[in-house]
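See structure below.
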Amino acid sequence: MRLLIVEDDAEAAAYLTKAFREVGHVADHAADGLEGYSMAEGGGYDVLVVDRMLPRLDGLSLIRSLREQKDDTPALILSALAQVDDRVKGLRAGGDDYLPKPYAFSELLARVEVLSRRRGAPASEPTVYRVGELVLDRLAHRVTREGQEIALQPREFRLLEYLMKHAGQVVTRTMLLENVWDYHFDPQTNVIDVHVSRLRSKVDKGFEHAMIHTIRGAGYMVRDSSR
Amino acid sequence: MTAPAEIPTRRRQRFLPTLFRTTAFKLAAAYLVIFAIFAGLVLGYVAWNAQRLLTDQIRSTIDAEIQGLAEQQRLGGIRRLVGIIERRSRAPGASLYLVTTPVGERIAGNVEALPPGTLDRTGESEIEYARSSEGLDTPSRAIVRVFALPAGFRLLVGRDVEERERLGIVIRRAAGWSLALIFILGCFASWFVARRVLKRIDGMSETASGIMEGDLKGRLAVTGTGDELDRLALNLNAMLDRIGELMAGMQQVTDNIAHDLKTPLTRLRNKAEEALRSAKTPDELRAALDGAIEEADNLIRVFNALLMIARLEAGRISDNMGELDLSEIVSGLAELYEPLAEEAGLSLASEVAPGLKVRGNRELIGQALNNLIDNALKYGAPDQGGDGTVIVAARQVGDEVELSIADHGPGIPEADRGRVLDRFVRLDASRSKPGFGLGLSLAAGVVRLHGGQLRLEDNAPGLRVVIALPAAPKPVETQVPSGPAASTETSNPAGLPTL
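Chains as they are written, first to last, in the working numbering: chain P, 911 to 1137; chain R, 628 to 1126.
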């Protein structure tokens, strides 16, 4: 994955490029908004990571300008302003995701990977998600594993749906809270973990291999571990 | 240029324009002019009407007399008429009589001189006359009526109008005096009012400058009469109180940051130092680093919460306010927390009436409720002495939506209920629990921003937090499928792109 990091703080930028390269991505760095804009315009990036406050051209304007050029490279906004409206403003400007500073790198990585994957995905969602023997039928609202039906509560169904949609990718607790519950605040407790462990007890119990994996320090991942 | 002589004149010159520029003076002058015009009009109308009435009366008396005299003449001829006229002429009074021959010679009557041609016109007229030939120099005015008798004789009957003129003079004089009096009294009254108002406004200005110079405790004087100036003073005082609160809040935040954030920072530093000194294996180092990150995350949380509270208290209403289905938010949160409660040995029950609507910010309200439910689960747990039931309820009460989160924990003593809403206040009983003492302050801030009230009540035993929010006006049936939306992609009410 090719990433462009637009960040004026040299130290933060160095940390990010290094961290992304370590996990095997190609990361370029632009130190101000204009430079970021011309580099992004050149194209070829899978995801843009844009700081909100930048010299010469601020992050929101950068994204807005790109969108006006019909450039829809997924963009994630980093912002030190953790205001309530901030996320909404960022998304209105054409950003695809928003992460307030300070953030955990694992959170940023998970989100960036989801963004890059989405870009290559077909426009319409498949109606059935399959991970190994685990099958989730979105239309029939049915989940089966090795042919056995698994009865899920509506919210559990949506939780599994989201995890399976991003099968093979790390999904963080915040991402789950935002996308399954549509809550954009800090619950300060491990609410999500309890939901995941309930789901896990229904999906994985009695089977040889686990489907729902806990990724330490990051979140969860659905993956067929039998192979 | 002799300075000593200059000063008083300059002062006067400065004082008068100041007076003329005051609103009180302008208002008083305008009222005075309008009032004087009205008074003049009213007095003029009265005078005119009185004159007219008198004239009418005189005319009808003359008419009646002429009719009577004409009747006498018809019955007894001109001789009898002359007799009556002579008798009446001798009586004192304002009545005028004259009978003349066809050639205009006087036969009887008390009028000596008339303007020429008066007798040629029958009917009514207002003329100057004299009772005696000497009086011609100072003629009097009269209303007369000339009546043609048979054979060319003429009868004149009239009334002197001196009485009417006198009345006119009296009225005019009275009007003049009243206008003068109105003007003088008006001037005094407006001067008095202007001075009073000016004095109070000057007092207000003075207090205001005092406050600007740093006396933040200063308040404007309120007289208690409830007039405009009092209302203004009350409002300004309320504004000053609000500013004072904000300043105090800022001060408190600074103090809190200095004090309460230093503790975890010190802990973080100690952990790092300890690890550097004594950790031998990579695993030990890793554990120490994990601990440090956790400590840093906690700090960030406290920091975010503090900033959020400060922003809420500054009353900056977010532009991301819209109509919210509170029922959906509350049941959603109850559902989110239900497994966690169960795991901790509690039972979380929700009693939520459907379709409760408020105007607000979904994230703020969500965060506030989240904090309260989190608290209830923390303090309502069976190990706190309660039975572990937590009830989250929402219902409509009048034009308000009332939310309540009730636990059976130790509750909050009445004396402490006001205090716990402040930042960083943790009662001794809760010291052992995790937390920073910000959850309730944040919830209270959110509720205040939404124009609602947060009350702490005794749940006997335990605590019940009640939030009353103004209900959104009932919309005209625009039914959007509410409740937990069916799929991840459509669950975003703002229609914004999410992952």
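Note that CB positions come from ideal geometry on N, CA and C, so glycine has one too.
Owing to the predicted nature of the structure, the values given are computational and were not obtained by experimental measurement.
What Tyr-964(R) touches in chain P, judged by beta-carbon distance under 7 Å, is Val-1101, going in chain order. By the Cβ test, the segment 717-735 of chain R is in contact with the segment 775-790 of chain R, since at least three Cβ pairs between them sit closer than 8 Å. Residue contact with chain P for Arg-928(R): present (Cβ-Cβ distance below 8 Å to some residue of chain P). The beta carbon of Arg-1029(P) sits closer than 7 Å to the beta carbons of Asp-956, Pro-984 from its chain, once the five residues preceding and following it are set aside; these are given in chain order. Taking 8 Å as the threshold, the shortest C-beta distance from Val-1104(P) to chain R falls below it. Neighbours of Asp-1096(P) across chain R, judged by C-beta separation under 9 Å: Arg-928, Asn-931, Ala-932, Gln-994, Asn-997. Straight-line spacing of the CA atoms in Ala-757(R) and Ile-811(R) works out to 43 Å. Using a Cβ-Cβ cut-off of 8 Å, Arg-1110(P) does not count as an interface residue toward chain R, since no Cβ of chain R sits closer than that to its own. Using a 10 angstroms sphere on the CB of Leu-973(R), the tally of other CB atoms reaches 16 or more, which defines it as buried. Pairing Glu-1017(P) with Leu-1025(P) gives a Cβ-Cβ distance that is not under 8 Å. Looking at Val-1028(R), Leu-1030(R), Leu-794(R), the one whose alpha-carbon comes closest to that of Asn-676(R) is Leu-794(R).
Counting the other CB atoms within 10 Å of its CB gives Arg-701(R) a total below 16, which places it among the exposed residues. Closer than 8 Å to the CB of Leu-861(R) there is not a single CB belonging to chain P. Listed in chain order, the positions of the segment 957-982 of chain R with a beta carbon within less than 7 Å of a beta carbon of chain P are Gly-959, Glu-962, Leu-963, Tyr-964, Pro-966, Leu-967, Glu-970. Interface annotation, Pro-1012(P): in contact with chain R, CB-CB separation under 8 Å. Distance from the CA of Ser-1107(P) to the CA of Ala-1099(R), rounded to the nearest whole angstrom, comes to 38 Å. Listed in chain order, the non-local C-beta contacts of Lys-898(R) below 7 Å within the same chain comprise Ala-915, Gly-918, Ala-919, Glu-922, local neighbours out to five positions each way being set aside. Per DSSP, the beta-bridge partners of Asp-1007(P) are Leu-986(P). At least 8 Å separates the beta-carbon of Leu-1109(P) from that of Glu-1043(P). When the beta-carbon positions are compared, Ala-950(P) and Leu-976(P) come within less than 8 Å of each other. If you check each beta-carbon in the segment 911-928 of chain R against every beta-carbon of chain P, the ones closer than 9 Å belong to Asp-917, Ile-920, Ala-923, Asp-924, Ile-927, Arg-928. Straight through space, the alpha carbons of Phe-652(R) and Arg-827(R) are spaced by roughly 15 Å. For Val-1113(P), the closest of Met-963(P), Pro-1036(P), Arg-1055(P), Trp-1091(P) by C-alpha to C-alpha distance is Arg-1055(P).
Using beta-carbon distances, Glu-940(R) does not count as an interface residue toward chain P, since no partner is under 8 Å. A residue is called buried once 16 or more other Cβ atoms fall within 10 Å of its Cβ, and His-939(P) is buried on that count. Counting C-beta pairs with one atom in each stretch, the segment 884-903 of chain R and the segment 853-870 of chain R have fewer than three that are closer than 8 Å, which means they do not touch. With a contact defined as Cβ atoms closer than 8 Å, Ala-995(R) and Val-1074(R) qualify at about 6 Å. Scanning Asp-787(R), Gly-987(R), Glu-751(R) for the CA closest to the CA of Pro-719(R) turns up Asp-787(R). When Cβ-Cβ separations below 8 Å define contact, Glu-950(R) makes no contact with chain P.
Closest by C-alpha distance to Ile-973(P), out of Met-1085(P), Tyr-947(P), Leu-1070(P), Arg-997(P), is Tyr-947(P). The secondary-structure analysis by DSSP pairs Phe-774(R) across a beta bridge with Leu-782(R). The residues Val-773, Phe-774, Ala-775, in chain order, have a CB closer than 7 Å to that of Thr-749(R) in the same chain once the five nearest residues on each side in sequence are set aside. Annotation: Arg-966(P) has no Cβ neighbours in chain R at a cutoff of 7 Å; minimum Cβ distance is about 27 Å.
At a C-beta separation below 8 Å, Arg-1029(P) has no neighbours in chain R, since its nearest C-beta there lies roughly 12 Å away. Taking CB atoms only, Arg-1065(P) has a neighbour in chain R less than 8 Å away.
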